[in-house]
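Student:
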Amino acid sequence: MNNKPRLRFKDKNGNAYPKWENIKIGEKLKICRGASPRPIDAFITTSKDGINWIKIGDVSPNTNIINNVKEKITAEGAKKSRFVKKGDLILSNSMSFGRPYILNVDGCIHDGWLLIKDPYETFNKQYLCYLLDTTNVKNQYKKLAAGGVVINLNSELVRSVKVAVPNIEEQEKITGFLSKVDELINECESEVKDLEEQKKGLMQKIFSQQIRFKDANNNPYSDWKEKKLGDVSDIQRGGSPRPIENYLTDDINGINWIKIGDVSKDSNVINATKEKIKPEGKNKSRFVTKGDLLLSNSMSFGRPYILNVDGCIHDGWLVIRNYKKAFNTNFLCYILDSDLAKSQYKKLAAGGVVINLNKELVASTKFFVPCLEEQEKIAKVLSKMDELIEEKKALLSDWQQLKKGLLQQMFV
52 MNNKPRLRFK DKNGNAYPKW ENIKIGEKLK ICRGASPRPI DAFITTSKDG INWIKIGDVS
112 PNTNIINNVK EKITAEGAKK SRFVKKGDLI LSNSMSFGRP YILNVDGCIH DGWLLIKDPY
172 ETFNKQYLCY LLDTTNVKNQ YKKLAAGGVV INLNSELVRS VKVAVPNIEE QEKITGFLSK
232 VDELINECES EVKDLEEQKK GLMQKIFSQQ IRFKDANNNP YSDWKEKKLG DVSDIQRGGS
292 PRPIENYLTD DINGINWIKI GDVSKDSNVI NATKEKIKPE GKNKSRFVTK GDLLLSNSMS
352 FGRPYILNVD GCIHDGWLVI RNYKKAFNTN FLCYILDSDL AKSQYKKLAA GGVVINLNKE
412 LVASTKFFVP CLEEQEKIAK VLSKMDELIE EKKALLSDWQ QLKKGLLQQM FV
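Just so you know, we're using our numbering here: the sequence shown kicks off at 52 and counts up by one.
Here's what the structure looks like:
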């Protein structure tokens with residue numbers, strides 16, 4: 052095994068640390084599986100004297116620390132489980148596959164967790180957490196698993212993993228450095244969340260007319276007027292030539308085949324498609340043009356997108372067109388993505404449950420709408436908010452990629 056990482060630290064005197072030691076995890080760590088009292092419902096309690104019941108749902112994607120739990124079990128249930136203490140390291144063996152967490156609470160773990168103990172004090176706890184989350188370790192799980200497919204980890208599998216380990220002092224330096232990067236990532240994530248909440252609050256105030264804009268002469272715009280979407284636009288459902296496989300083509304002269312997979316979670320504009328269909332498929336589908344607005348009626352439920360390409364849409368889309376006398380494109384996109392629209396979908400749907408949108412339901416929505424000039428100003432303000440959010444998300448992505456690269460270069 053290669054035990055020379057590409058990035059190394061030096062001691063306080065500027066000297067290189069000793070060579071890393073090649074070990075098998077099972078030689079240094081004690082690994083125990085959690086246990087569940089059954090049936091678990093019989094042992095769940097709301098008593099303040101209950102014992103913390105640590106579950107996958109208690110973890111956060113933004114941290115490897117578990118600070119609190121949602122459920123507790125009785126003392127009797129704890130006897131049938133495995134008790135863990137604050138500071139222990141646990142490894143999920145299912146669902147979020149192989150991710151390690153450090154406990155900031157005492158409690159009990161079920162058999163979806165492995166408890167990792169370090170009796171020989173070989174590892175800095177946070178370093179071990181980083182190590183067990185590396186690509187190298189996860190690749191070994193796959194290689195060691197029967198058939199190369201890992202569904203659940205087990206103690207024996209984890210014990211068999213081979214790693215190279217520096218001395219404690221170098222581990223602490225690596226951990227200190229990566230922790231600083233994690234702080235920057237968490238700070239960035241928090242800023243993104245704050246900006247998204249600010250945008251949501253701003254949209255609520257704008258669409259409820261708590262915030263109004265003025266014209267170039269500082270005069271208020273005219274009162275907002277209620278409009279039914281179906282009265283001021285044409286709404287049509289997409290269509291699919293079937294079987295679709297017979298109409299797909301690699302020909303550059305093919306027609307763009309617009310699918311949910313062509314959208315981005317960070318943008319409401321569709322700029323390109325991955326697939327094309329033959330021209331004869333056009334008559335069996337719905338042709339849409341640049342500037343049309345699409346509304347997904349399934350999967351990403353009700354999210355609107357502005358088309359920046361011509362193409363054909365399947366029956367998972369609704370197209371909204373001929374709306375420009377009543378709506379600015381971006382304004383309409385924002386209002387259709389607001390809670391104002393989504394609450395109407397639920398109210399208008401049979402039984403108040405919306406599984407798929409349909410033409411009639413969307414056409415029935417009503418909105419109070421300002422004049423086009425005020426709509427344009429509103430859209431520009433919200434677009435600026437989106438730009439700030441995207442800039443912060445890009446910075447977050449850069450930090451995440453940097454951390455990924457550092458992990459690859461600091462661990463072997």
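Yeah, the Cβ is synthetic: ideal placement off N, Cα and C, and Gly gets one too.
Can the beta-carbon of SER284 be found less than 9 Å from the beta-carbon of PHE378?
Tutor: Locating residue 284 in the sequence shown gives position 233, counting from the first residue. Locating residue 378 in the sequence shown gives position 327, counting from the first residue. The answer is yes: Cβ separation under 9 Å.
Student: Going by the CB atoms, is the gap between ILE357 and LEU369 shorter than 9 Å?
Tutor: Start at 1 with the first residue of the sequence shown, and residue 369 comes out as number 318. Start at 1 with the first residue of the sequence shown, and residue 357 comes out as number 306. Cβ atoms of LEU369 and ILE357: not closer than 9 Å.
Student: Note the first and the last residue of the continuous alpha helix (DSSP H) segment covering ASN381.
Tutor: Within the sequence shown, residue 381 is the residue found at index 330, counting from 1. Where ASN381 is concerned, the enclosing alpha helix (DSSP H) stretches over 380–387.
Student: Which residues does DSSP pair with ARG89 in a beta bridge?
Tutor: If you number the sequence shown from 1, residue 89 lands on position 38. Note: ARG89 sits in no beta bridge, so no partner.
Student: Let's test the definition: count the other Cβ atoms within 10 Å of the Cβ of ASP139 and tell me whether it reaches 16, buried, or not, exposed.
Tutor: Your numbering for residue 139 matches position 88 in the sequence shown. It is buried - the Cβ of ASP139 has at least 16 other Cβ atoms within 10 Å.
Student: What is the rounded straight-line gap between the Cα of GLU331 and the Cα of ARG372?
Tutor: Position 280 of the sequence shown, counted from the first residue, corresponds to residue 331. Position 321 of the sequence shown, counted from the first residue, corresponds to residue 372. Answer to the nearest angstrom: the Cα atoms are 23 Å apart.
Student: Which term fits LYS55, buried or exposed, when burial requires 16 or more other beta carbons within 10 angstroms of its beta carbon?
Tutor: Your numbering for residue 55 matches position 4 in the sequence shown. Exposed.
Student: Should VAL110 be labelled buried (16 or more other beta-carbon atoms within 10 Å of its own) or exposed?
Tutor: Your numbering for residue 110 matches position 59 in the sequence shown. Counting Cβ neighbours within 10 Å, VAL110 comes out buried, since at least 16 surround it.
Student: Buried or exposed: where does ASN269 fall if 16 or more other Cβ atoms within 10 Å of its Cβ makes it buried?
Tutor: Here residue 269 refers to the residue found at position 218 when the sequence shown is read from its first residue. Exposed, by the Cβ-count rule.
Student: Less than 9 Å between CB atoms is the rule here; does LEU246 satisfy it with respect to chain D?
Tutor: Looking for chain D here will not work: only one protein chain is present.
Student: Tell me, please, which residues DSSP counts as bridged to PRO330.
Tutor: Numbered from its first residue, the sequence shown carries residue 330 at position 279. DSSP, once it has assigned bridges, lists no residue as partnering PRO330.
Student: On the DSSP letters alone, give me the boundaries of the alpha helix (DSSP H) that SER132 sits inside.
Tutor: Stepping through the sequence shown from its first residue, residue 132 is reached at position 81. No alpha helix (DSSP H) contains SER132, which DSSP labels as neither H nor E.
Student: Does the beta-carbon of ARG133 have 16 or more other beta-carbons within 10 angstroms, so that it is buried, or is it exposed?
Tutor: In the sequence shown, the residue the question calls residue 133 occupies position 82. It counts as buried.
Student: Would you check if the segment 61–70 and the segment 153–166 touch, i.e. whether three or more CB-CB distances between them fall below 8 Å?
Tutor: Flag = no, the segment 153–166 and the segment 61–70 do not touch.
Student: Measure the alpha-carbon distance for THR311 versus ASP317 and round it to whole angstroms.
Tutor: For the purposes of this step, residue 311 is taken as the residue at position 260 of the sequence shown. For the purposes of this step, residue 317 is taken as the residue at position 266 of the sequence shown. Sequence check: residue 311 is Ile here, not Thr. So the alpha carbons of these two residues sit roughly 14 Å apart.
Student: Using alpha carbons as the reference points, say which of LYS431, GLY85 and LEU387 lies closest to ALA414.
Tutor: For this step, residue 414 is matched to residue 363 along the sequence shown. Nearest C-alpha to ALA414: LEU387.
Student: Using 8 Å as the threshold, is the segment 239–251 in touch with the segment 73–84, meaning 3 or more CB pairs across them?
Tutor: No, because fewer than three Cβ pairs between the segment 239–251 and the segment 73–84 fall closer than 8 Å, the two stretches do not touch.
Student: Are the segment 320–336 and the segment 275–284 touching, with three or more C-beta to C-beta distances below 8 Å?
Tutor: Touching, no, given that fewer than three Cβ pairs across the two stretches are closer than 8 Å.
Student: Please classify GLY456: is it buried, with 16 or more other beta-carbons within 10 angstroms of its beta-carbon, or exposed?
Tutor: Position 405 of the sequence shown holds residue 456. It is exposed - the Cβ of GLY456 has fewer than 16 other Cβ atoms within 10 Å.
Student: Does the segment 112–126 come into contact with the segment 90–99, if we say contact requires no fewer than three beta-carbon pairs (one atom in each stretch) closer than 8 Å?
Tutor: Short answer: they touch.
Student: So what's THR300 in DSSP terms, helix, strand or just coil?
Tutor: Indexing the sequence shown from 1 puts residue 300 at position 249. If DSSP states are grouped into helix, strand and coil, THR300 belongs with the strands.
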